[in-house]
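These protein sequence lines are chains W and V, in that order. The first sequence begins at 1 in my numbering and counts up by one. The second sequence begins at 1001 in my numbering and counts up by one. Quick reminder that beta carbons are idealized off the backbone N, C-alpha and C, glycines included. Below is one structure, written out as structure tokens; the observations come after it.
2 protein chains.
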Amino acid sequence: MKVEETQAERLVKELDFSKGPVTAVVRDWRTKEILMVAHQDQEAVTRTLTTGLMHYWSRSRGKLWLKGETSGHFQEVKGVLLDCDGDALVYEVKQKTAACHKGYYSCFFRRLRGGKWAVFRKKRFEPQQVYSP
Amino acid sequence: MKVEETQAERLVKELDFSKGPVTAVVRDWRTKEILMVAHQDQEAVTRTLTTGLMHYWSRSRGKLWLKGETSGHFQEVKGVLLDCDGDALVYEVKQKTAACHKGYYSCFFRRLRGGKWAVFRKKRFEPQQVYSP
Chain W
1 MKVEETQAER LVKELDFSKG PVTAVVRDWR TKEILMVAHQ DQEAVTRTLT TGLMHYWSRS
61 RGKLWLKGET SGHFQEVKGV LLDCDGDALV YEVKQKTAAC HKGYYSCFFR RLRGGKWAVF
121 RKKRFEPQQV YSP
Chain V
1001 MKVEETQAER LVKELDFSKG PVTAVVRDWR TKEILMVAHQ DQEAVTRTLT TGLMHYWSRS
1061 RGKLWLKGET SGHFQEVKGV LLDCDGDALV YEVKQKTAAC HKGYYSCFFR RLRGGKWAVF
1121 RKKRFEPQQV YSP
């Protein structure tokens, strides 16, 4: 799913960046499983809408970030939802391999169980085989 | 779903508040529909875990906020997931009436369609009947 540059600009104008980057919740377009949560400035939303690939604002690195640029684990946008306040988006994506840099399909691989944060998912890949040079 | 005070404190210690409040993504425990996105400081997470009712940190009002305190639209916690970085949580909740103050079950009632943010859900209540004094 892609839109043209001018259309993307109009769509982005309806978002509220007054409190900083907006929140992007990313879910699998088929299973609705929540894959990750990240942040987007104006440029990241615009690039995502015009390229059809998820882009984020990295708070730790302080720069625009194309998900998959290092790992190859791109996220293809299939649908986008906007919340009432205009400061959160839900993206429905087709995820390549896995979303989490720790090797899990979803970053939410821990669940409150028996009073602990228990890992309840299996890894899809070994991080050192993907991220090492 | 509730945990004891000391257990909640241990669970909260594994979260990362170094970049500010953590992000709470709230979904319907049955349909997996995403209802809203909000923010939680340490106290909001602890209160949520010990009472079993969603509490948030209101960035606009600058205070702790029990969802439903005005509207009666409480959110009962049925499950909690934690992400890899410890700065985002997914809550599975049983939602009373509706999550959105604009009257929709989900705050994500708009979807990118035909180049516009189009409303695609129906209202569950009329806001002025719930929030007016």
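Query: Three-state secondary structure assigned by DSSP to W/Tyr91; Result: strand
Query: Whole-angstrom distance between V/Gln1040 and V/Pro1021, CA atom to CA atom; Result: 5 Å
Query: Residue closest to V/Gln978, alpha-carbon to alpha-carbon, out of V/Leu1082, V/Leu1066, V/Leu1081; Result: Examination of residue 978 of chain V is not possible in this model, given that chain V is present from 1001 through 1133 alone.
Query: Cβ shell of V/Ser1071 (< 8 Å), same chain only, five flanking positions each side left out; Result: Thr1097, His1101, Val1130, Tyr1131
Query: Exposed unless 16 or more other CB atoms sit within 10 angstroms - verdict on V/Val1113; Result: Here residue 1113 of chain V turns out to be Arg, not Val, going by the sequence shown. So V/Arg1113 counts as exposed.
Query: Residue-chain proximity (V/Gly1115, chain W), Cβ-Cβ < 8 Å; Result: yes
Query: Inter-stretch contact at 8 Å, needing at least 3 Cβ pairs: the region 1008-1026 of chain V / the region 1080-1091 of chain V; Result: yes
Query: Integer Cβ distance of V/Gly1115 from W/Gln42, believed to fall under 8 Å; Result: That pair is no contact at about 18 Å.
Query: Chain-order list of residues whose beta-carbon lies under 8 Å from that of V/Asp1016 (same chain, five-residue window excluded); Result: Val1022, Asp1085, Gly1086, Asp1087
Query: Cα-Cα separation, V/Pro1135 to W/Lys63; Result: Beyond the ends of chain V as shown, which are 1001 and 1133, falls residue 1135 of chain V; an answer cannot be given.
Query: Among V/Lys1013, V/Ala1118, V/Ala1099, the one whose alpha carbon lies nearest that of V/His991; Result: Residue 991 of chain V lies beyond the range of chain V shown here (1001 to 1133); nothing can be said about it.
Query: Selected residue, minimal CA-CA separation from W/Met107, among V/Asp1083, V/Gly1103, V/Glu1092, V/Phe1108; Result: According to the sequence shown, residue 107 of chain W is Cys rather than Met. Selected option, being the one with the closest Cα: V/Asp1083.
Query: Contact with chain V by W/Leu112, beta-carbon distance below 8 Å; Result: yes
Query: Continuous alpha helix (DSSP H) assignments of at least 4 residues falling wholly in the region 22-89 of chain W; Result: 42-51
Query: V/Glu1069 versus V/Leu1081 - alpha carbon distance; Result: 24 Å
Query: Alpha-carbon to alpha-carbon, W/Gly79 and V/Glu1005; Result: 40 Å
Query: Backbone secondary structure at V/Arg1124 - three-state DSSP; Result: coil
Query: First and last residue of the uninterrupted beta strand (DSSP E) at V/Ala1118; Result: 1116-1119
Query: Per-residue contacts from V/Val1025 into chain W (C-beta, under 7 Å); Result: Val25, Ile34, Val37
Query: Rounded C-alpha distance that separates W/Lys13 from V/Phe1120; Result: 20 Å
Query: Contact with chain W by V/Val1012, beta-carbon distance below 8 Å; Result: no
Query: Outcome for V/Thr1048 when other beta-carbon atoms lying within 10 angstroms are tallied against a minimum of 16; Result: buried
Query: DSSP three-state assignment for W/Tyr104, whether helix, strand or coil; Result: strand
Query: Neighbourhood of V/Ser1058 by C-beta, 7 Å cutoff - its chain only, sequence neighbours within 5 removed; Result: Trp1065
Query: Cα-Cα separation, W/Tyr105 to W/Lys122; Result: 8 Å
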